[in-house]
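**Q** I have a structure here, written as structure tokens, and I will follow up with some questions on it.
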Amino acid sequence: MLLEFNDISYKYPGSIKAVFKNLTCRISTPGFHALFGPSGVGKTTLAKIMIGGVQGFSGEIATTGIHHILYTYNLERLPGWSSAREHLQTTTPDSGKGKIDQLVAAFGLEPCMNSRFAQLSLGQQNRTNLARYLLQDFDLLIMDESLANVDEVTKEKIILTMKTIFPNRCFLYISHSIVEVAKFCRQILVLRGQHKSPQTVTLRGQDYMDGKALVKKDLEQTMLEIVNAA
Amino acid sequence: MLHRRIYQFFIIYFLGIATLFIIKYGLNLSDYVIPGPSEIWQTGQDVFTRYFFNVVDTLSVAILGHLLSICLATLVGIVGRLTLWIGSFIRVAAYNIQAYPIVAVAPIIFILLGDGLSSRLLITAMICYFPLLLSFIGILSEPVTEIEHFYESTMRMNWRLQVKIRAFENINKIVTVIVGSGTLAMVGTIVSEFIAANAGIGHSIRMALYQSDLAKILVALFLIGICTSLYLVSLEGLGQVVQKRLQGNTSS
């Protein structure tokens, strides 16, 4: 599994300033990876380039073993005409049906499954939205602030569950939390301003998962590296 | 809701009557120009039943025309939301045609179709159709990205789902527009009857105008106001029921 960006350059329509200039980076293994960077640096734009939602860029995106990319963001909503449970049941393909209960339990969604989306808290809404994407067929899931408004304990449980259930899938987690990306991610693509060269720095995260010990000193070191890189 | 609307109508109606009387007595006009209270009362007693059934006739045509225009606006709105040339053509055509006064076209309809039900129905539908169409096209053309993104990403989006999402998300606007166009439906029917039809309260108003009988016109206006208020209240009630059903407060 490979995702590679080669010399990506892009300007917003009508803008004279480039967002990306010869951006090059790669993700070479499945797992939980991060796209990190300050606000406005172009994380969401890069994600949209990956799914074909932004045109007019130069350079090449090479994928090997990645056929189906999904992108989810934290402002998405479920339609209001059915409950969360009905929605999950009707939108989950047969291949994912067996995982519904497991994900619902791990995501702490059982109490709100019979409620409609508008009746859920922001955290519950984001968890429900993420759960429905995880139940789809995908090779790469880009999660743009998908766990915003979720408490730390639940967030950890969700990420660890994702790693356990989907060990061979690729995730690209867009977040502003240094601790999260340092702790849970395998590769951390730090996206920097256009004035910095190179525009991305790839760091190795702690890739914490169930059954693996987390060394506090190493985590702090990774966090420091991220701060320096950004 | 009903009593408030009726109450508001009474205030406006009797303010209008009072203004007429102020003009009548202020300028010392004869009963031939503006009839006195007793003459209006007497005329009311004489024509009430006949006018009541005329208004009911008009209202039934208005409701039919309104339903027709809602169906038509929905259909054209669904096509008009398309990004293809046909959608663009329909949107531009709708904006241009709605600027043309239907009343100016009405004589052509009467010449071609005669003064029966079909002409009244068609003019009614046309008068309330364009405001509905413009709103429906606007609503159905506007993507609800936060919801549609998932269906598009997972290749599940089809035109029915797209229309369902956009209509559901804008149900309040749709209900408001339908209720608002209810008045236009009534106006359209009366206008068509006034121009050339052979039935309905618009026809009765035309007859009263030929007789210069303002008392009859005032009675007709009273009944029109009451019946229109009842129709609008019914539409609002129906809209609230639909909204509650769709957006339900409890789990389904």
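As given, the protein sequences belong to chains V and H, one line each in that order. For the first sequence, this note's numbering begins at 22 and goes up steadily by one. For the second sequence, this note's numbering begins at 517 and goes up steadily by one. Glycine residues also receive a C-beta, built at the ideal position from the N, C-alpha and C atoms.
Give the interface partners of Q763/H over in chain V, defined as CB-CB distance under 7 Å, in chain order.
**A** Residues of chain V passing the Cβ test: G101.
**Q** For Q763/H versus R137/V, is the C-beta spacing smaller than 9 Å?
**A** Cβ atoms of Q763/H and R137/V: closer than 9 Å.
**Q** So which residues of chain H does Y92/V contact, with C-beta pairs closer than 9 Å?
**A** H665, S669, listed in chain order.
**Q** Counting Cβ pairs, one atom from each stretch, are 3 or more of them under 8 Å apart for the stretch 661 to 679 of chain H and the stretch 602 to 609 of chain H?
**A** No: fewer than three Cβ pairs fall under 8 Å.
**Q** Going by CA-CA distance only, name the one from L700/H, A683/H, M671/H, R672/H that's closest to A637/H.
**A** In the sequence as presented, Ala is not what sits at residue 637/H; that position holds Leu. Closest option to L637/H, Cα to Cα, is L700/H.
**Q** Would you mind sorting K176/V into buried or exposed? The rule is 16 or more other CB atoms within 10 Å of its CB.
**A** Its Cβ being crowded by 16 or more others within 10 Å, K176/V is buried.
**Q** Are the C-beta atoms of R779/H and some chain V residue less than 9 Å apart?
**A** As displayed, chain H neither begins before 517 nor continues past 768, which places residue 779/H out of reach and without an answer.
**Q** Please work out which residues of its chain come closer than 7 Å, Cβ to Cβ, to D547/H, disregarding the five sequence neighbours upstream and downstream, and give them in chain order.
**A** Taken in chain order, the residues that qualify are E555.
**Q** Does any residue of chain V have a CB that is nearer than 9 Å to the CB of K760/H?
**A** Not one chain V Cβ lies under 9 Å of K760/H.
**Q** Does any CB atom of chain V fall closer than 9 Å to the CB of L690/H?
**A** Contrary to the premise, residue 690/H reads as Ile rather than Leu in this sequence. No, no contact with chain V.
**Q** Anything in chain V within Cβ reach of I681/H, meaning under 8 Å, just list it in chain order.
**A** The contacting residues are P100.
**Q** Curious, which full-length beta strand (DSSP E) runs of at least 3 residues does the stretch 57 to 88 of chain V contain?
**A** Fully enclosed beta strand (DSSP E) runs of 3 or longer: 79 to 85.
**Q** Output the distance between the C-alpha atoms of G77/V and D160/V, rounded to the nearest integer angstrom.
**A** For G77/V and D160/V, the distance between alpha carbons rounds to 25 Å.
**Q** Give the C-beta separation of T574/H and G716/H to the nearest angstrom, bearing in mind that I take them to be a contact with Cβ-Cβ under 8 Å.
**A** Contact holds; Cβ gap of about 4 Å.
**Q** Let me see if you follow: with CB-CB separation under 9 Å, is E662/H close to chain V or not?
**A** Closer than 9 Å: yes.
**Q** Using 9 Å as the limit for Cβ to Cβ distance, is A152/V near chain H?
**A** Taking Cβ atoms only, chain H never reaches closer than 9 Å to A152/V, which makes this a no.
**Q** Going by DSSP, name the residue or residues bridged to L23/V.
**A** Answer is T85/V, bridged to L23/V.
**Q** Taking only the alpha-carbon atoms, compute the straight-line gap between I72/V and H519/H and give it to the nearest angstrom.
**A** Taking the straight line joining both Cα atoms gives about 56 Å.
**Q** Closest to V236/V by CA distance: which of V211/V, L210/V, A203/V, G214/V is it?
**A** Ranking the options by Cα distance to V236/V, first place goes to A203/V.
**Q** Sort out for me which residues DSSP pairs R225/V with in a bridge.
**A** Per DSSP, Q208/V.
**Q** Suppose you measure from the CA of V75/V to the CA of I711/H; what does that come to, to the nearest Å?
**A** Going from the Cα of V75/V to the Cα of I711/H covers about 56 Å.
**Q** Taking its Cβ as the centre, do 16 or more other Cβ atoms sit within 10 Å of K64/V, making it buried, or is it exposed?
**A** K64/V comes out buried.
**Q** Contact criterion: CB-CB distance below 9 Å. Does E97/V meet it with respect to chain B?
**A** No chain B appears in the structure shown, which is made up of the protein chains V and H.
**Q** With a cut-off of 9 Å, does the C-beta of E774/H fall near any C-beta of chain V?
**A** Shown here, chain H extends from 517 to 768; a query on residue 774/H therefore has no answer.
**Q** Give a yes or no on whether the C-beta atoms belonging to I618/H and I586/H are separated by under 9 Å.
**A** In this structure, I586/H does not lie closer than 9 Å to I618/H by Cβ.
**Q** Hey, how far is the Cα of I247/V from the Cα of K238/V?
**A** Roughly 14 Å between the two C-alpha positions.
**Q** Please confirm whether Q123/V and I186/V have their CB atoms less than 9 Å apart.
**A** Yes; because the gap between Cβ atoms is below 9 Å, this pair is in contact.
**Q** Residues in the same chain with beta-carbon distance under 6 Å from S768/H, minus the five sequence neighbours each way, listed in chain order, please.
**A** Since pLDDT at S768/H reaches only 38, below the 50 mark, its modelled position is unreliable, and the value read off the structure follows with that caveat. Within the same chain, S768/H has no close Cβ partners at all.
**Q** Check whether the stretch 192 to 206 of chain V touches the stretch 46 to 58 of chain V, counting contact only when three or more Cβ pairs, one atom from each stretch, lie closer than 8 Å.
**A** Cβ pair count under 8 Å is three or more, so yes.
**Q** Alpha carbon to alpha carbon, what distance is there between K42/V and Q220/V?
**A** So the alpha carbons of these two residues sit roughly 7 Å apart.
**Q** Can you pull the chain H neighbours of Q157/V, defined as C-beta to C-beta under 7 Å?
**A** Simply T670.
**Q** Opposite A39/V in the DSSP bridges: which residues?
**A** BP columns for A39/V point to K32/V.
**Q** Check the C-beta distance from T223/V over to L240/V and give it rounded, since I have them as a contact under 8 Å.
**A** Incorrect: roughly 18 Å between the Cβ atoms, too far for contact.
**Q** Look up M164/V in the DSSP assignment and give the residues it is bridged to.
**A** T93/V, Y194/V, per the DSSP bridge assignment.
**Q** Should R225/V and R213/V be called a contact, given that it needs their Cβ atoms to be closer than 9 Å?
**A** Contact flag unset, no.
**Q** Using only alpha-carbon positions, find the residue among M230/V, C191/V, A127/V that is nearest to I90/V.
**A** Ranking M230/V, C191/V, A127/V by Cα distance to I90/V puts C191/V first.
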